[in-house]
Every structure is written in structure tokens, then in C-alpha cells.
Amino acid sequence: MSLSPLRNRLELTSQQKLMIFILSMSLYGISNMITELLPEFRVGPVELKVEYFIFIPLIFAILFNSLYAAIGASVGEMIFGELLLGQFGGISELEKFIQFSLAVFVAGMLVRDPRNKRQLAVAAYVAIGIDQLLGTIVDIAKVYIGIEDLEAVPGLPQSILAIEGFSFLNAMVVSGTLFALLPTLYLVPRLYGKVEPLLGMKPRDGRAASSIKDFVTPRFIILAIVLAFVAAAAEFLAESDNAFFSWEWEADFGSGAFWISLAISIIVFIAAIAVIRARKKQKPKGESLS
Amino acid sequence: MEYTNSAHKPSFWEKFSVERIKVELLRTAYGQSMTFLSRFDPRIMIAWYSFFAIVPWFIHNKAVLLGLLLAVAVLTYSSKPSVLVLIVLAIGLISDAAYMLIVSLMFGGGLAAAWALSTLTLKLLVITLASIAVFSSMDPERLSDGLLSIGAPAQFSFGVAYGFRMLPILIEEYNNILYSYRLRGKSPDKKGFLGWRMLVYSFKLSVVAFYPLILNTAKRTRTTVEALEIKGFTYAMHDPKVKKLKLSYLKIRRRDIVFLALSALYIAAVFYVGSFFDA
Chain G
1 MSLSPLRNRL ELTSQQKLMI FILSMSLYGI SNMITELLPE FRVGPVELKV
51 EYFIFIPLIF AILFNSLYAA IGASVGEMIF GELLLGQFGG ISELEKFIQF
101 SLAVFVAGML VRDPRNKRQL AVAAYVAIGI DQLLGTIVDI AKVYIGIEDL
151 EAVPGLPQSI LAIEGFSFLN AMVVSGTLFA LLPTLYLVPR LYGKVEPLLG
201 MKPRDGRAAS SIKDFVTPRF IILAIVLAFV AAAAEFLAES DNAFFSWEWE
251 ADFGSGAFWI SLAISIIVFI AAIAVIRARK KQKPKGESLS
Chain R
1 MEYTNSAHKP SFWEKFSVER IKVELLRTAY GQSMTFLSRF DPRIMIAWYS
51 FFAIVPWFIH NKAVLLGLLL AVAVLTYSSK PSVLVLIVLA IGLISDAAYM
101 LIVSLMFGGG LAAAWALSTL TLKLLVITLA SIAVFSSMDP ERLSDGLLSI
151 GAPAQFSFGV AYGFRMLPIL IEEYNNILYS YRLRGKSPDK KGFLGWRMLV
201 YSFKLSVVAF YPLILNTAKR TRTTVEALEI KGFTYAMHDP KVKKLKLSYL
251 KIRRRDIVFL ALSALYIAAV FYVGSFFDA
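These protein sequences, in sequence, are chains G and R. If you're matching positions, the first sequence starts at 1 in UniProt numbering and goes up one per residue. If you're matching positions, the second sequence starts at 1 in UniProt numbering and goes up one per residue.
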């Protein structure tokens, strides 16, 4: 808010960050809803599916602050595409959230000059590549860990690999070109310099030339790896049957499963009661205010 | 193909479906204040839902999963979800299952592979139905306040409420832009093989239509944020007193506790019965 030197003009106020967040959230959310509702065409294993309109968050990540655009898009997907349509997948959403935010964020940071078509093209493929690659790896690992008698079933491992590998290539070629490359090349140069004033911002004059060096610091790389690890761990934890809850015991101990499950439900119940208690303690203060 | 071909001459079916989708979404976003689940405190519902979102992943016993599915299905039915949501769910499930089956048959796994995969489908079904039951019966404002009170970031909880309310407007606007492009634009004379020209044309329109939509939404977003700031949104976000005042209407009553206790009892019973069917 203070009078800052000109070079600091590109630093955004918190209101502007909120604007970027909301813009990215609502627009990507709406597109996500559309893609969820569109029919998909399947010709044998060839799946012509509108994966997602990844170009929308990508545009905002390129034109504005990448971080807020990326997080906003993920939140939008969660709210519009999942909660509202009842497709919310519980814990697996965490992994999707992180991998998608990471992909859009990294791709957005790659672009220094929004008018440079080559940079835009690279960013488009990088975004979809990161997202799809992480998703594919996690998916394959998920099925391998999640299904106990995988080895007992002939043909299943190969078929999973085939499905996932094919859908990765399909996504890279079809979605990468149609929904990342072409729209980005078309829309970014047109929006550049036009959409910023509507939000009360100055168009960025190329992200400062040193931005990538500034950004790909050891801290950033470590953060990225940690986030990816957390995402994968959340998935594996959810899928694995022998990490924390050894359900193999069921066969040996008979009612062991019953006691464990009873314990879980009691813990949940007690936690809920504890929350209620905590609320009750606060209540008098709330009433005195009103 | 049907869908895109009808873009050429807006048929009864196409009009019907777009209008229908809008109505259904409006109903999802605004309706549902008098369902069974909507009577409970949002925080209780979030706690209840988080159990059903996480625990099924750890269960590999089909009998237990079926028991949970039964309860969740009844609750979903009671929350009167829109037909659209159910259709989307059904299409996804059926196509997934069929695809898995075909591929595993191709690789010689046979029905055993499909049986192994069906546990995963069952888990997903329980989680999905639970989320439909909870989120289609909760008021956006109550949901967002519930999220805020359990410590979600204010931006996120605002986003939930804003998203639910803005959605019909945004869909309407996108639809209008598409119509105006279609009105002024020239659609291809020949449809081409399997209507591919129409496909390309409608794809192009659907992307190009985002250009005005982005500009309009940017303007609208700025207005929204300015209105928020006039009311001190960012300031209030960091002030616990404001939060307390805002959330003081949320109260946990006896029926919330009874509901939780009954759910816990039911789940315990399901696990007990399920332990006999351990495969």
C-alpha cells in the first residue's frame, strides 16, 4: 500500500491475490463441470474423452500470480466438479489437488514472456505432462498395493499397465494438444494486456528475467518433492491393507476385526463429543457478544 | 455424436437437455433445505462424512462395504439428489466397470480379475454416495460456515459458498455466449465423416467462448472482491472475534448427538456381522 518503487508494482496486494483466486476458481470450476457432463466417446481402447480444460488455470498462471491461479483452480475443481456433482472421492482428492496445483504452478512459472509462442507451447505440455505423469504413477502403484490377490489373478498386472500407459499417451497427445496447446496459444496473446486492467493490475512486463532462477531454488525443489511424496503417501495409506490396519488378522483372530472396527467407531464418536465439548466451552463468550 | 450434431439444428432434445441441466444445477445449489440430513449441524455432517470418505479405503471386506453401502444409499435417497447427479454417477461406474472387464478379458484374466477390481468399485461407490447425500442436502452457507468453524481457510470456505451461488449464473452466461457465437457464426456445410467437421466446429466454439467469459468474469470478480473488502473481508479473516460472531448461530443439539451415536452403532453392527463373512 505504501509508495513503492516502480519495480515493485508487480507485487500484488492481498485483494488482487483474492481476485486471481476467485477468477481461477470459478472459471476452471465451470469448465470442469462442463467436462464432467460431456459424453465420452470410446472406440475400443481408444478413448476420445474431454479430459479437462487445463488451459484455463494455465492462462491465469501465465498472466498473473501462478500460485494463486493454481490453488484456485484446484479448489474450483473440488467444489464445482466434485462436491456439487457428488463426485467427491474423499482422501484421493488430496493427491489430485496437489498434483494439479503443482503442474499448473510449475508451468506458469516457466513462461517469462506471454507473447513468446514457444514458451507458451512448452508450458502447455509441461503442465499436462506433470499432471498426467504423477497421476499415472500413483494410479499404477495404487492398484498394485490396493488389491491383495493381484498376483493370484493372471493378466491383471499387464492389463493395468496397458490401461494406464495408454491413457497417459492418449492424454498427452489428445488433451495436451487440444486442451492445452491450441487454446493457450490462441487465448494468452489476446488476453495479455486486456484482462489485467479489469482486475486493476498492470500487465506484467515479462516476469523479471531472473524469476526462474529465483524460483527453482533448492527450497522449491524440496517442497515439490515433499508435496508429491505426501500426495502419494496419502494414496498408498488409503489403499494399503497392511500398513496400519492389518486386516489379514481377520482370518486368524476371528473377531479381531470386530474389535478394531468398534474401536475406530468409538474413537470417531469420542472425537465428535470432544469437539462438542470444546464448542460448549466457547459458547458463553459467543452469547455475550450477541 | 448426437450431442454435437444437434448443435447444427437445435433440436428438441438438445434444448431440453441444456435447460434441464441448468434447472437441475439450480436445484442442487439452492433447493434441499428440508431433507433428513439438512436438519443436522454442518460440523456434525462434516465429521460424519469424513468417516465415510476415509474409512472405506481401509476395508477389504465386501460384506462390510455392502453394509455401509446400504446405509449410505438410504440416506442418499432421503436427500433427494438431482437425477443429473445420479446419471453422471451411473455412467461413470458402468463405463469404468465395462472397460476394466473388457481389458482384463483381453489379457486373459477373466472374471477373477473383475471380481478383484469390484472391491475398489464398491469402495468408490460408498464414498461417492456419502458425498452426494451430505453435500446435496446442505445449504451452501451452512456448509461454508461449518468448514470455517472447523478451521478451513476463510478463502476456501468463501469459495464454497460463492461457487455454489455463482454457478447457475456462470453456466447461463457461457450458454448465452455459445448461442450468440452460433447465431453469428457459420457452421460447416458438410458434416463430414461421423460428423467430424461439426465436432471440430463445436470444439472451437467451446474454447473461443471462454474469451468473453474470462473478460466478463474478471470484471465481476473485481466487483465481488471490492464489495467484500468494503465489508472488511480480509480484516475479518484474521480476527477471531468476527469469526465467533459469524458462527454463533451454529449449535449442536441433541438430535445431532443421537444421529452420530446411531451411526456409530450401525457401523459397529455392520463390522460385527461382516467379520463372519470374511472371505
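Beta carbons are placed, not taken as given, at the ideal position from N, Cα and C, and that holds for glycine.
At a C-beta separation below 9 angstroms, Val174 (chain G) has no neighbours in chain R, since its nearest C-beta there lies roughly 11 angstroms away. Within the region 214-229 of chain R, the residues whose Cβ lies closer than 7 angstroms to any Cβ of chain G are, in chain order, Ile214, Leu215, Thr217, Ala218, Lys219, Thr221, Arg222, Thr224, Val225 and Glu229.
Where Met198 (chain R) is concerned, the enclosing alpha helix (DSSP H) starts and stops at Trp196 to Val208. For Tyr174 (chain R), the three-state secondary structure derived from DSSP is helix. Comparing alpha-carbon positions, the option among R:Val207, R:Ser187 and R:Val208 lying closest to Met198 (chain R) turns out to be R:Ser187. Contact check for Tyr192 (chain G) against Arg112 (chain G) fails: the beta carbons are separated by 8 angstroms or more. Between the C-alpha atoms of Leu205 (chain R) and Ser263 (chain R) there is a straight-line separation of about 49 angstroms. Between Ala127 (chain G) and Ala162 (chain G), the C-beta spacing is not below 8 angstroms. Three or more beta-carbon pairs separated by less than 8 angstroms are not found between the region 219-226 of chain R and the region 178-197 of chain R, which leaves the two stretches without contact. For the 8 angstroms CB-CB criterion, Glu93 (chain G) and Glu82 (chain G) form a contact. Distance from the CA of Leu129 (chain R) to the CA of Ile257 (chain R), rounded to the nearest whole angstrom, comes to 22 angstroms.
Between the beta-carbon of Phe259 (chain R) and that of Ile46 (chain R) there is about 13 angstroms, and that puts the pair past the 8 angstroms contact cut. Annotation for Phe277 (chain R): Ala63 place their beta carbon closer than 6 angstroms to its own, counting only its chain and skipping 5 residues before and after. Pairing Gly146 (chain R) with Val270 (chain R) gives a Cβ-Cβ distance that is not under 8 angstroms.
In the three-state reduction of the DSSP assignment, Ile46 (chain R) falls in the helix class, which pools H, G and I. The DSSP-derived three-state label of Val111 (chain G) is coil. Taking C-beta atoms as the reference points, Gly108 (chain G) and Ala70 (chain G) count as a pair closer than 8 angstroms. DSSP, read as helix, strand or coil, puts Ala152 (chain R) in coil.
Among the CB atoms of chain G, one or more fall inside 8 angstroms of the CB of Val88 (chain R). Annotation: the continuous alpha helix (DSSP H) that includes Val74 (chain R) extends over Lys62 to Ser78.
Trp57, Phe58, Ile59, His60, Asn61 and Val64: these are the residues of the region 57-79 of chain R whose beta carbon lies less than 8 angstroms from some beta carbon of chain G, given in chain order.
Within the same chain, and ignoring the five residues on either side of Val208 (chain R) in sequence, the residues whose Cβ sits closer than 8 angstroms to its Cβ are Tyr181. Chain-order list of chain G residues neighbouring Met198 (chain R): empty, with the shortest C-beta distance near 13 angstroms, by a criterion of under 7 angstroms. For Ala70 (chain G), the enclosing alpha helix (DSSP H) stretches over residues Ser66 to Gly76. Interface with chain R (8 angstroms Cβ-Cβ cutoff): Arg118 (chain G) is excluded.
Between the C-alpha atoms of Gln132 (chain G) and Ile62 (chain G) there is a straight-line separation of about 20 angstroms. Listed by position along chain G, the residues whose Cβ is nearer than 8 angstroms to that of Ile171 (chain R) are Ile30 and Met33. Below the 8 angstroms Cβ cutoff, chain G contributes Leu178 as neighbours of Phe203 (chain R), in chain order.
The distance from the Cβ of Ser26 (chain G) to that of Met166 (chain R) is about 6 angstroms, consistent with a contact at the 8 angstroms cut-off.
Cβ atoms of Val160 (chain R) and Ser137 (chain R) stay farther apart than 8 angstroms, at about 15 angstroms. Across the structure, Arg39 (chain R) and Phe168 (chain G) are spaced so that their CA atoms are roughly 44 angstroms apart.
Under the three-state reduction of DSSP, Leu84 (chain G) is assigned to coil, being neither helix nor strand. When 9 angstroms is used as the limit between beta carbons, Tyr211 (chain R) is near these residues of chain G: Tyr186, Leu187, Arg190 and Leu191, in chain order.
Around the beta-carbon of Thr13 (chain G), fewer than 16 other beta-carbon atoms lie within 10 Å, marking it exposed.
In its chain, beyond the 5 residues on either side, Phe105, Gly108 and Met109 have a beta carbon closer than 6 angstroms to the beta carbon of Ser66 (chain G). Ala97 (chain R) sits away from Thr119 (chain R), with the two beta carbons spaced by 8 angstroms or more.
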